[in-house]
Amino acid sequence: MTNYIFIDGPLDAILHFASPASPVDYLRYPIQTLKVGALGTHKTLGLAKAKGARYLLASTSEVYGDPLVHPQSEDYWGNVNPIGPRGVYDEAKRFAEAMTMAYHRSHGLDTRIVRIFNTYGPRMRINDGRVVPNFISQALRGEPLTVYGDGSQTRSFCYVDDLIDGIYRLLMSDEVEPVNIGNPHEMTILQFAELINEMTGNTAGIRFEPLPVDDPKVRQPDITKARRILGWEPKISLEEGLRRTIPYFRERLGL
């Protein structure tokens, strides 16, 4: 992603999704994460400019950092610690957004930016490091679920099919500035852990560990813009999405 990209023939659209996204990955590869956000975005934008292609950047709710505004709408600029360990991912995506909009303003590039909130579904890595695969894997193994802090921090979980629908609608729309795509149904991590234990029949309970540095206290998308511009909102409930996801992890774990 950091080398020059050459593709023969015409291109209709370029969708830039390349980046570590799990804390396990971007904490292990901080410099590479920043390089993909900067150089990778620059190279793919250059290709889109050369081909006259539409360009969609996969950004993230992490651009809002540990938000002081709740829920988070697209006009909120965020609260990010730029030198903290999580900052490599947050700032890589913030820079990528700035670069994308610079190409739009300077070169007239036809841009789209999707800010993706917590998403889950089949085919996630078991050792991904994010809360959904962690909880499901621990529960299916009959282990206590690891909750960081007291579990009062909140998240909102969007099933992957809903996410893909939202991204496609954005790609086909005329909106050039960022749009939140996520499920606005918010719950605490402790509530989520209890739901996973209930749905898997796990009786091992919950264990608590110290909260990581700069972990957001709240996370909930304001999807007013997506509803208005894209006619989009999630259709799959958390319970239904988990019913579709848990069997995949059960099979992968050989249980």
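Add 5 to a position in the sequence shown, counting from 1, and you land on the number used in the working numbering. Ideal Cβ placement from N, Cα and C applies to all residues, glycine included.
### Task
Starting from I36, follow the alpha helix (DSSP H) in both directions and report where the run begins and ends.
The residue given as residue 36 occupies position 31 in the sequence shown. It spans P35 to K40 - the alpha helix (DSSP H) in which I36 sits, taken as one unbroken run.
### Query
Going by other Cβ atoms of all chains shown within 10 Å of its Cβ, with 16 needed for buried, is F11 buried or exposed?
Here residue 11 is taken as the residue at index 6 of the sequence shown, counted from 1. Exposed is the call here.
### Query
Could you give the residue range of the beta strand (DSSP E) that holds L20?
What you label residue 20 is simply residue 15 of the sequence shown in a count that begins at 1. Element bounds for L20: A18 to H21.
### Task
Figure out for me which residue from L50, R91, H47 and D71 has the closest Cα to the Cα of I1.
This structure does not reach residue 1, given that the chain is present from 6 up to 260, and the question cannot be answered.
### Query
How many angstroms separate the CA atom of L50 from the CA atom of I172?
Numbered from 1 along the sequence shown, position 45 holds the residue referred to as residue 50. Numbered from 1 along the sequence shown, position 167 holds the residue referred to as residue 172. Approximately 18 Å between the Cα atoms of the pair.
### Query
Do D95 and V68 have their C-beta atoms closer together than 8 Å?
In the sequence shown, the residue the question calls residue 95 occupies position 90. In the sequence shown, the residue the question calls residue 68 occupies position 63. Between D95 and V68, the C-beta spacing is below 8 Å.
#### Entry: Beta-carbon gap between A176 and L260 smaller than 8 Å
Locating residue 176 in the sequence shown gives position 171, counting from the first residue. Locating residue 260 in the sequence shown gives position 255, counting from the first residue. Residue identity check: residue 176 is Leu in the sequence provided, not Ala. Cβ atoms of L176 and L260: not closer than 8 Å.
### Query
When we look at the beta-carbon of G57 and count the other beta-carbons within 10 Å, is it buried (16 or more) or exposed?
For the purposes of this step, residue 57 is taken as residue 52 along the sequence shown, with counting starting at 1. The residue in question, G57, is exposed, as its Cβ has fewer than 16 Cβ neighbours within 10 Å.
### 6 Å Cβ shell around V29 - same chain, five flanking residues per side excluded
Taking the first residue of the sequence shown as position 1, residue 29 is located at position 24. Cβ neighbours of V29 beyond the five flanking positions: G134.
### Query
Count the other CB atoms within 10 Å of the CB of I88; is the residue buried (16 or more) or exposed (fewer)?
Locating residue 88 in the sequence shown gives position 83, counting from the first residue. I88 comes out exposed.
### Message
Given 7 Å as the limit, tell me if N132 has its C-beta closer than that to any heavy atom belonging to the ligand FMN.
### Response
Here there are no bound small molecules, and the ligand FMN is not part of this structure.
### Task
Assign G14 to one of three DSSP states: helix, strand, or coil.
The residue labelled residue 14 in the question sits at position 9 within the sequence shown. Looking at G14 - three-state DSSP - the assignment turns out to be coil, as it is neither helix nor strand.
### Task
Return the CA-CA distance between H75 and F122, expressed in angstroms with no decimal places.
As a working note, residue 75 is residue 70 in the sequence shown. As a working note, residue 122 is residue 117 in the sequence shown. Computed Cα separation, rounded: 14 Å.
#### Entry: First and last residue of the uninterrupted alpha helix (DSSP H) at E102
Here residue 102 refers to the residue found at position 97 of the sequence shown. Start and end: G92 to H112.
### Message
Using only CA atoms, which one of S142, I201, I131 and N132 lies nearest to F162?
### Response
Start at 1 with the first residue of the sequence shown, and residue 162 comes out as number 157. It is I201.
### Message
Could you check whether the Cβ of E67 sits closer than 8 Å to any Cβ belonging to chain D?
### Response
Annotation note: the requested chain D is absent from the structure, which comprises a single protein chain.
### Delimiting residues of the beta strand (DSSP E) encompassing A231
As a working note, residue 231 is residue 226 in the sequence shown. From DSSP, A231 is part of no beta strand (DSSP E); its letter is neither H nor E.
### Ranges of the beta strand (DSSP E) found wholly within the region 196-258, counting only runs of at least 3
211-214
### Query
Apart from the five residues on each side of it in sequence, which residues of its chain come closer than 6 Å, Cβ to Cβ, to F22?
The residue given as residue 22 occupies position 17 in the sequence shown. If we look at F22 and ignore the five residues flanking it on each side, its Cβ neighbours are A63.
### Query
Rounded C-beta distance between Y153 and P217? I'm assuming under 8 Å.
Along the sequence shown, read from residue 1 onward, the residue named residue 153 stands at position 148. Along the sequence shown, read from residue 1 onward, the residue named residue 217 stands at position 212. With a Cβ gap of about 6 Å, Y153 and P217 count as contacting.
### Task
Determine the closest residue to E148 out of A231, L32, L39 and R212, with distance taken between C-alpha atoms.
Numbered from its first residue, the sequence shown carries residue 148 at position 143. Closest option to E148, Cα to Cα, is R212.
### Task
Measure the alpha-carbon distance for T116 versus T105 and round it to whole angstroms.
Mapped onto the sequence shown, residue 116 falls at position 111. Mapped onto the sequence shown, residue 105 falls at position 100. Their Cα atoms are separated by approximately 7 Å.
### Query
Which residues share a DSSP beta bridge with Y164?
On the sequence shown, position 159 is the one that residue 164 refers to. DSSP output for Y164 lists Y125 as bridge partner(s).
### Own chain residues within Cβ distance below 8 Å of T38, not counting five before or after
Within the sequence shown, the letter at position 33 stands for residue 38. Answer for T38: S24, P25, D30, Y31, V93, Y94 and A97, listed in chain order.
### Message
For S78, which residues in the same chain have their Cβ closer than 6 Å to its Cβ, ignoring the five residues on either side in sequence?
### Response
Counting from 1 along the sequence shown, the entry for residue 78 is found at position 73. Around S78: D227.
#### Entry: Exposed unless 16 or more other CB atoms sit within 10 angstroms - verdict on S111
Taking the first residue of the sequence shown as 1, we reach residue 111 at position 106. S111 comes out exposed.
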